[in-house]
Amino acid sequence: MDYAQKIAKALLRINAVVFCVEEPVTFTSGIRAPVYVDNRKFPFWPKDWHLLLEAFSQKIKEENLMFDVMAGIETAGIPHSSALAYLLFKPSVFVRKKPKEHGLKSKIEGGDVAGKHVLLIEDLVTTGGSSLAGVEALRQARAKVTDCLVIVNYGFPESQNAFQKAKIKLHTLTSFPVILQEAIKAGKINTKGKDIIEQWLQNPYEWSY
Numbered sequence: 002m003d004y005a006q007k008i009a010k011a012l013l014r015i016n017a018v019v020f021c022v023e024e025p026v027t028f029t030s031g032i033r034a035p036v037y038v039d040n041r042k043f044p045f046w047p048k049d050w051h052l053l054l055e056a057f058s059q060k061i062k063e064e065n066l067m068f069d070v071m072a073g074i075e076t077a078g079i080p081h082s083s084a085l086a087y088l089l090f091k092p093s094v095f096v097r098k099k100p101k102e103h104g105l106k107s108k109i110e111g112g113d114v115a116g117k118h119v120l121l122i123e124d125l126v127t128t129g130g131s132s133l134a135g136v137e138a139l140r141q142a143r144a145k146v147t148d149c150l151v152i153v154n155y156g157f158p159e160s161q162n163a164f165q166k167a168k169i170k171l172h173t174l175t176s177f178p179v180i181l182q183e184a185i186k187a188g189k190i191n192t193k194g195k196d197i198i199e200q201w202l203q204n205p206y207e208w209s210y
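Using this note's numbering, the first residue of the sequence shown is number 2, and each one after it goes up by one.
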């Protein structure tokens with residue numbers, strides 16, 4: 002079993018995947034969805050969180066990702082980036098979505114990233130907006146950013162195009178289609194729900210239920 006399946010199974014095991022076909026939720030991007038993935042649950046489940054950090058480490062080795070500093074996006078990316086940096090003996094920073102209104106009004110917290118190669122850690126990619134805003138903030142701080150490592154990617158064409166345009170290579174531990182397959186095997190969702198979610202995946206912007 003590869004890490005994509007292992008992480009998908011872990012997400013289902015800790016109830017981080019909520020199927021809400023009857024009562025769709027709205028993402029930050031405005032997309033209405035019949036499913037919600039909450040990677041913030043991992044730290045509450047140490048065994049599964051260790052699996053996640055192991056998968057991140059393995060992906061970094063497999064992809065030969067070279068970096069000086071690891072960064073996490075506020076707030077969901079911070080626990081994972083901080084713990085991973087600790088395990089790999091790498092400096093760690095986090096990126097605010099908005100600068101503080103007091104103090105130094107910093108958007109990058111933890112240290113100076115100027116001239117350093119930064120690997121961005123994100124929990125989830127839908128449209129890619131929050132991740133790429135983080136990339137822009139890091140680049141404005143004169144960091145070099147070429148790669149983003151994410152737990153779950155929905156695989157929407159818009160996000161793929163946005164990352165390519167920003168010259169960022171996206172590395173994914175698991176995708177939502179894999180999670181859906183594992184959910185079906187585990188009996189977490191019925192055939193009707195599966196069909197509705199597959200319709201949503203094909204056209205999330207115009208989907209309605």
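Each residue gets a CB set at the ideal place from its N, CA and C atoms; glycine is no exception.
Keep in mind it's a predicted model, so treat the numbers as computed, not measured.
Problem - Top-ranked residue by Cα proximity to I169, from V19, R140, A86, P47 - result: By one-based count along the sequence shown, residue 169 stands at place 168. Closest option to I169, Cα to Cα, is R140.
Practice task
Give me the Cα-Cα distance between M71 and P25, rounded to the nearest whole angstrom.
Solution key: Mapped onto the sequence shown, residue 71 falls at position 70. Mapped onto the sequence shown, residue 25 falls at position 24. Using only the alpha carbons, I get a separation of about 34 angstroms.
Handout entry: Classification of L88 by the beta-carbon crowding that lies within 10 angstroms, buried from 16 upward
Key = Position 87 of the sequence shown, counted from the first residue, corresponds to residue 88. Answer is exposed; the Cβ neighbour count stays below 16.
Practice task
Report the residue from N162, P80, F28 whose alpha carbon sits nearest the alpha carbon of P205.
Solution key: Position 204 of the sequence shown, counted from the start, is the residue given in the question as residue 205. Looking at the Cα atoms, F28 is the closest of the given residues.
Exercise for the section: Taking P178 as the reference, give the member of K60, I198, P100 with the closest Cα. Expected result: Here the question's residue 178 lines up with position 177 in the sequence shown. Checked all of K60, I198, P100; the closest Cα to P178 is I198.
Exercise for the section: Count the other C-beta atoms from every protein chain shown that fall within 10 angstroms of the C-beta of Y155, then say buried if there are 16 or more, exposed otherwise. Expected result: On the sequence shown, position 154 is the one that residue 155 refers to. Burial call: buried.
Problem - Three-state secondary structure assigned by DSSP to K62 - result: Here residue 62 corresponds to residue number 61 of the sequence shown, with the count starting at 1. Correct three-state label for K62: helix.
Handout entry: Beta-carbon contacts of V151 that lie in its chain and below 6 angstroms, excluding the five residues immediately before and after
Key = Against the sequence shown, residue 151 aligns to sequence position 150. So the list reads E123, V126, T173, once near-sequence residues are dropped.
Problem - According to DSSP, residues forming a beta bridge with S176 - result: Numbered from its first residue, the sequence shown carries residue 176 at position 175. For S176, which the question treats as bridged, DSSP gives the partners N154.
Handout entry: Proximity winner among A184, V146, Q59, S30, relative to D3 (alpha-carbon distances)
Key = Along the sequence shown, read from residue 1 onward, the residue named residue 3 stands at position 2. Nearest option by C-alpha distance: Q59.
Practice task
Find out if the Cβ-Cβ distance for the pair T175, A9 is shorter than 8 angstroms.
Solution key: Within the sequence shown, residue 175 is the residue found at index 174, counting from 1. Within the sequence shown, residue 9 is the residue found at index 8, counting from 1. In this structure, A9 lies closer than 8 angstroms to T175 by Cβ.
Handout entry: Three CB pairs or more closer than 8 angstroms across the region 35–48 and the region 74–86
Key = yes
Practice task
Could you name the residues of the same chain whose beta carbon sits closer than 8 angstroms to that of K166, not counting the 5 residues immediately before and after it, in chain order?
Solution key: Here residue 166 refers to the residue found at position 165 of the sequence shown. Here the set comprises nothing.
Problem - G112 versus K186: straight-line alpha-carbon distance, rounded - result: Stepping through the sequence shown from its first residue, residue 112 is reached at position 111. Stepping through the sequence shown from its first residue, residue 186 is reached at position 185. For G112 and K186, the distance between alpha carbons rounds to 45 angstroms.
Handout entry: C-alpha gap between A142 and M67, whole angstroms
Key = As a working note, residue 142 is residue 141 in the sequence shown. As a working note, residue 67 is residue 66 in the sequence shown. So the alpha carbons of these two residues sit roughly 19 angstroms apart.
Practice task
Look at the Cβ atom of L52, then the Cβ atom of K108, and state whether they are nearer than 8 angstroms.
Solution key: The sequence position of residue 52 within the sequence shown is 51, counting from 1. The sequence position of residue 108 within the sequence shown is 107, counting from 1. Not a contact, by the Cβ cut-off of 8 angstroms.
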